[in-house]
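A.B. asks:
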Ligand code: ADP
Ligand code: MG
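Numbering (my numbering), first residue to last: 1 to 247.
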């Protein structure tokens, strides 16, 4: 469902992704772990072309973007279509503060997908129900807890009917007692067969929900494998050193 082939990205002289290749099968869940600055966010942003790599190939579903030598930069229209296939959830929610919860969830479908407002409202209510927030539909985002905001952000991403979901430290900004309610929604999406890449520092969660764990450091994949194997019995010293901070 997702494929990165020899993806490279630099910012100025700094090489942030050094030849990354990665595959996620349909319904697969990959947890991306590694120290701060290792390139995890850049990899996610390349995956939905918020950041354009300077070389490599990126595929999501049936759409392929080829950045190998001699490629032309994609047109804005093609970038937008590609991005619409991926739902992204950020650390800091990024809800539209001046819109009610349900408006936040309806906005993309109505303005981008041209769905009729009454239909978008029905879908939004069903998604809010799914994340346990139907009773907050008409509330302003600033009246919600961080965990509730993040669940709205997930509903908003799902409203675009993405083929894959990307989570960039979706629980890192939350008070500890609110982490569980967000992870429960992610866990449910995994059970429903959503293809996902999760950047996370929740190692127990990664071990439980991900099929594959990928450990990155300094722009390279140091180690990847079945989640339990990588978390419980890492092969590489660098992975062991990183994981030792979480026990
Ligand atoms: P992580 O998410 O693993 O913490 P990032 O992908 O955010 O890592 O960053 C990897 C490296 O790339 C860092 O050194 C960061 O400073 C650099 N970087 C990220 N985005 C930019 C940018 N837009 N411009 C310049 N440097 C960047
Ligand atoms: Mg990051």
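Backbone N, C-alpha and C define an ideal beta-carbon position, used for all residues, glycine too.
Spatial neighbours of residue 198 within its chain, please: CB distance less than 6 Å, with the 5 preceding and 5 following residues excluded, ordered by chain position.
C.D. replies: Mapped onto the chain shown, residue 198 falls at position 198. These residues qualify, in order along the chain: 31 and 167.
A.B. asks: Among all the DSSP beta bridges, which residues are the ones paired with residue 223?
C.D. replies: The residue you call residue 223 lines up with position 223 of the chain shown. Beta-bridge pairing links residue 223 to 215.
A.B. asks: Quick one: is residue 148 buried, meaning 16 or more other Cβ sit within 10 Å of its Cβ, or exposed?
C.D. replies: Here residue 148 refers to the residue found at position 148 when the chain shown is read from its first residue. It counts as buried.
A.B. asks: Span of the alpha helix (DSSP H) holding residue 203?
C.D. replies: Here residue 203 refers to the residue found at position 203 of the chain shown. Residue 203 -> alpha helix (DSSP H) spans 203–209.
A.B. asks: From the DSSP output, in three-state form, read off residue 114 for me.
C.D. replies: By 1-based counting over the chain shown, the position of residue 114 is 114. Reduced to three states, the DSSP call for residue 114 is coil.
A.B. asks: Assign residue 205 to one of two classes, buried (16 or more other C-beta atoms within 10 Å of its C-beta) or exposed (fewer than that).
C.D. replies: Along the chain shown, read from residue 1 onward, the residue named residue 205 stands at position 205. Buried, because 16 or more other Cβ atoms sit within 10 Å of the Cβ of residue 205.
A.B. asks: So for residue 19, helix, strand or coil by DSSP?
C.D. replies: Your numbering for residue 19 matches position 19 in the chain shown. Here residue 19 sits in strand by DSSP.
A.B. asks: Please state whether DSSP places residue 138 in a helix, a strand or coil.
C.D. replies: Against the chain shown, residue 138 aligns to sequence position 138. It is coil, neither helix nor strand.
A.B. asks: Can you tell me whether DSSP reads residue 36 as helix, strand or coil?
C.D. replies: Here residue 36 is taken as the residue at index 36 of the chain shown, counted from 1. Coil, per DSSP.
A.B. asks: Would DSSP call residue 106 helix, strand or coil?
C.D. replies: Translated into positions along the chain shown, residue 106 becomes position 106. Looking at residue 106 - three-state DSSP - the assignment turns out to be helix.
A.B. asks: Could you check the C-alpha separation between residue 135 and residue 119 for me, to the nearest Å?
C.D. replies: Indexing the chain shown from 1 puts residue 135 at position 135. Indexing the chain shown from 1 puts residue 119 at position 119. If you take the alpha carbons of residue 135 and residue 119, they lie about 19 Å apart.
A.B. asks: For residue 34 versus residue 246, is the C-beta distance shorter than 9 Å?
C.D. replies: Translated into the one-based positions of the chain shown, residue 34 becomes position 34. Translated into the one-based positions of the chain shown, residue 246 becomes position 246. Not closer than 9 Å, so no.
A.B. asks: Check whether the stretch 47–64 touches the stretch 81–90, taking contact to mean three or more Cβ pairs, one atom from each stretch, closer than 8 Å.
C.D. replies: Enough Cβ pairs lie closer than 8 Å, so yes.
A.B. asks: How long is the line joining the alpha carbons of residue 211 and residue 106, rounded to whole angstroms?
C.D. replies: Counting from 1 along the chain shown, the entry for residue 211 is found at position 211. Counting from 1 along the chain shown, the entry for residue 106 is found at position 106. Computed Cα separation, rounded: 32 Å.
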